[in-house]
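Chemist: Chains as they are written, first to last, in the working numbering: chain A, 1 to 176; chain B, 177 to 386.
Cβ coordinates follow ideal geometry from the N, Cα and C atoms, glycine included.
Quick one: the structure is below, and I'll ask about it shortly.
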Amino acid sequence: MITGLLRAARRRTQALVVLLATGLGVSVSLFLPPLSAQDQPSPPAISPDSHVVVAGAWARATTSDALSGAIYCELHNPTNHAQELLGASAADCDHCELHVHRTDAEGVMHMSQVDHLEVPAGGTLLLQPGAIHLMLLGLAHGLTQGQSVQVVLHLSDGTATLSVPILAAGAMGPDG
Amino acid sequence: MRRRLILVIVLVDLAVVLAVGALILARHQRQQRALAQAASMEAGPAPSSPRFTLHDAAGHLVTQDTYRGRSELVYFGYSFCPDICPTALGYQARLLKALGPDAARVVPLFITIDPERDTPAHLAAYVTLFDPRIIGLTGSADEVKGAANAFGAWYQRVIADPGKPPLPPGQYLMDHTSSTYLVDPEGRLVGTIDPQGSMTAALAAVRSCR
């Protein structure tokens, strides 16, 4: 009788522990953010020149106290393999980000940062106003028309170093 | 003894189930509230004569009556915006050039949706980069919100993605509608111009607005 009671109590305790653990697990999992890919490998310090050919790079002038700027260019990939634009670094700014624009059904522009963009095999990736740009953040002293800014693009097969001319603030393309 | 044990176990089970249920319910209600909030912020049909109270770089009061007798090109944006706003202002500058002498009958306005960072002086320097005729307007957060609502424009500070490294303080981005509103000399909102659309159509729209 006592043994039976003890066994029953033990069974119930085990069931309770399982239930508590499950309850706790469910509650915790509900409030955890989804797993995200973090710790992207940073590009190596010394990388070979990329096969990707960059043309028509230009930047827009900003006020002298501006913190942000944008760079546009065309990336041509002559190889048989897709390459990725992974990011960039530029002189006189904290960091660079790849930004794409999306317009929703209400006509609202949403700018979002992406980790990489494909330069298709034998194809072109176009960074142009209103679509894709390389955003410079934390500029030290703005971008002055007539000057240029040194930029290193990080691609999956190496780097591309550019001297980007700074055009008028209202320019729409490499020709102004 | 046994009955008491069962009672305790049932009570603990009940407590766990209730707690988890309450958490799920709270989460669900939060999501519903967020959805309702997002829906209520959608731009409704704009009134035909937008009213607003703002200030220019010199601190002068600017309302819907200030430029009566001339048409207005109104764009809502912010100077930290590296791409869309310069694209829209560059378009506005080209439109003013293309209008030639007719530009004298048009007042181009750039209303900041980021009065926190766009001080009057900074705003003036910014719009002048594109065309000295463009007038930068700002106001209190409420005044700017009121002006945007009057035109049917929408904006919101971008909440940083928790999965990505945060931007340095003060370097936030804004989501916003990107339309140039055309107001006739009587102060009536007659339409919008796509700042990346056809210049010919924009010229015709502005010239016919008198």
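#1: Please report the Cβ distance between A:GLY158 and A:LEU167, rounded to the nearest whole angstrom; I am assuming they are in contact, meaning their Cβ atoms lie under 8 Å.
#2: Quick check: the segment 250-259 of chain B against the segment 63-74 of chain A, are at least 3 beta-carbon pairs closer than 8 Å?
#3: Excluding sequence positions up to five away, which residues of its chain have a Cβ less than 7 Å from the Cβ of A:ALA121?
#4: Would you identify the three-state DSSP class for B:HIS352, choosing helix, strand or coil?
#5: Give the list of continuous beta strand (DSSP E) stretches no shorter than 3 residues that lie fully inside the segment 242-327 of chain B.
#6: Do we get a CB-CB distance below 8 Å when we pair B:TYR302 with the residues of chain A?
#7: Which word fits A:ARG60, buried or exposed, when buried means at least 16 other C-beta atoms lie within 10 angstroms of its C-beta?
#8: Tell me which same chain residues have a C-beta within less than 6 Å of the C-beta of B:SER384, skipping the five on either side of it?
#9: Just to confirm the assignment, what range does the beta strand (DSSP E) spanning A:MET111 have?
#10: Looking at chain B, is there any beta carbon in it that lies within less than 8 Å of the beta carbon of A:THR63?
#11: Can you confirm whether A:GLN174, when its beta carbon is compared against all beta carbons of chain B, has any partner nearer than 8 Å?
#12: Could one say the Cβ of A:GLN150 lies closer than 8 Å to chain B's Cβ atoms, at least one of them?
#13: Starting from A:ALA70, trace the alpha helix (DSSP H) both ways and give me its first and last residue.
#14: Please name the residues in the segment 300-333 of chain B whose beta-carbon is closer than 7 Å to at least one beta-carbon of chain A, in chain order.
#15: What do you reckon, is the C-beta of A:GLY176 under 7 Å from a heavy atom of the ligand ADP?
#16: So, is A:ALA105 buried or exposed, given that buried needs 16 or more other C-beta atoms within 10 angstroms?
#17: Within its chain, find whatever has a CB closer than 6 Å to the CB of B:ARG227; leave out the 5 residues flanking it on each side and keep chain order.
#18: For A:PRO48, which option in A:GLY173, A:LEU155, A:ALA171 has the closest C-alpha, if you only look at C-alpha atoms?
#19: Output the distance between the C-alpha atoms of B:ASP370 and A:MET135, rounded to the nearest integer angstrom.
#20: Assuming contact is defined by CB atoms lying nearer than 8 Å, are A:LEU139 and A:CYS93 in contact in what I supplied?
#21: How should A:VAL52 be labelled, buried or exposed, when 16 other C-beta atoms within 10 angstroms of its C-beta is the threshold for buried?
#22: Output yes if chain A places a C-beta closer than 8 Å to the C-beta of B:GLN208; else output no.
#23: Does DSSP classify B:THR376 as helix, strand or coil?
#24: Taking a cut of 8 Å between CB atoms, which residues from the segment 85-110 of chain A lie near chain B?
#25: By Cβ distance, which residues of its chain are closer than 8 Å to B:ARG270, with the 5 residues on each side in sequence left out?
#26: When you compare only the Cα positions, how much space is there between B:PRO345 and B:PRO338?
#27: Can you pull the chain A residues whose beta carbon is under 8 Å from the beta carbon of B:HIS298, in chain order?
#28: Using a 10 Å radius around the Cβ and a threshold of 16 neighbouring Cβ atoms, would you call B:ASP351 buried or exposed?
#29: Please check if any C-beta of chain B sits within less than 8 Å of the C-beta of A:GLN83.
Modeler: Straight from the coordinates:
#1: Not confirmed; about 27 Å, so no contact.
#2: Contact holds: three or more Cβ-Cβ distances are below 8 Å.
#3: Take A:ALA121, set aside five residues on each side of it, and the residues of its chain with a beta-carbon closer than 7 Å to its own are ASN77, THR79, ASN80, HIS81, ALA82, in chain order.
#4: In the three-state scheme derived from DSSP, where H, G and I count as helix and E and B as strand, B:HIS352 is classed as strand.
#5: If we require 3 residues or more, the beta strand (DSSP E) runs fully inside the segment 242-327 of chain B come out as 247-253, 282-288, 311-313.
#6: B:TYR302 counts as touching chain A.
#7: Counting Cβ neighbours within 10 Å, A:ARG60 comes out buried, since at least 16 surround it.
#8: The answer is none, since no qualifying residue turns up.
#9: Counting along the chain, A:MET111 sits inside the beta strand (DSSP E) bounded by residues 108-114.
#10: Nearest CB-CB separation between A:THR63 and chain B: below the 8 Å threshold.
#11: The sequence shown places Pro at residue 174 of chain A, rather than the Gln named in the question. No, A:PRO174 lies away from the interface with chain B (no Cβ there is under 8 Å from its Cβ).
#12: Proximity of A:GLN150 to chain B, defined by a Cβ-Cβ separation below 8 Å, is not satisfied.
#13: A:ALA70 -> not in any alpha helix (DSSP H); beta strand (DSSP E) instead, spanning 68-76.
#14: Answer set for the segment 300-333 of chain B: ALA301, TYR302, LEU305, PHE306, TRP330.
#15: In the structure shown, the ligand ADP is absent, as is every other ligand, since no ligand is present at all.
#16: So A:ALA105 counts as exposed.
#17: Spatial neighbours of B:ARG227 in its own chain (CB-CB distance under 6 Å, excluding positions within 5 residues in sequence) are listed in chain order as GLN240, ALA326.
#18: Of the candidates A:GLY173, A:LEU155, A:ALA171, the one whose C-alpha sits nearest the C-alpha of A:PRO48 is A:LEU155.
#19: In a straight line, the C-alpha of B:ASP370 is about 23 Å away from that of A:MET135.
#20: Against a cut-off of 8 Å, the Cβ pair of A:CYS93 and A:LEU139 comes out as a contact.
#21: It is buried - the Cβ of A:VAL52 has at least 16 other Cβ atoms within 10 Å.
#22: Confidence at B:GLN208 is low in this model, with a pLDDT of 48, below 50, so its placement is unreliable and the value that follows should be read with caution. At least 8 Å separates the CB of B:GLN208 from every CB of chain A.
#23: B:THR376 carries a helical assignment under DSSP once its states are collapsed to helix, strand and coil.
#24: So the list reads ASP94, HIS99, HIS101, THR103, GLU106, GLY107, VAL108, MET109, HIS110, given in the order they occur along the chain.
#25: Cβ within range, chain order: MET375.
#26: Taking the straight line from one Cα to the other gives about 15 Å.
#27: In chain order: THR63, ASP65.
#28: Per the 10 Å Cβ criterion, buried.
#29: So, not an interface residue.
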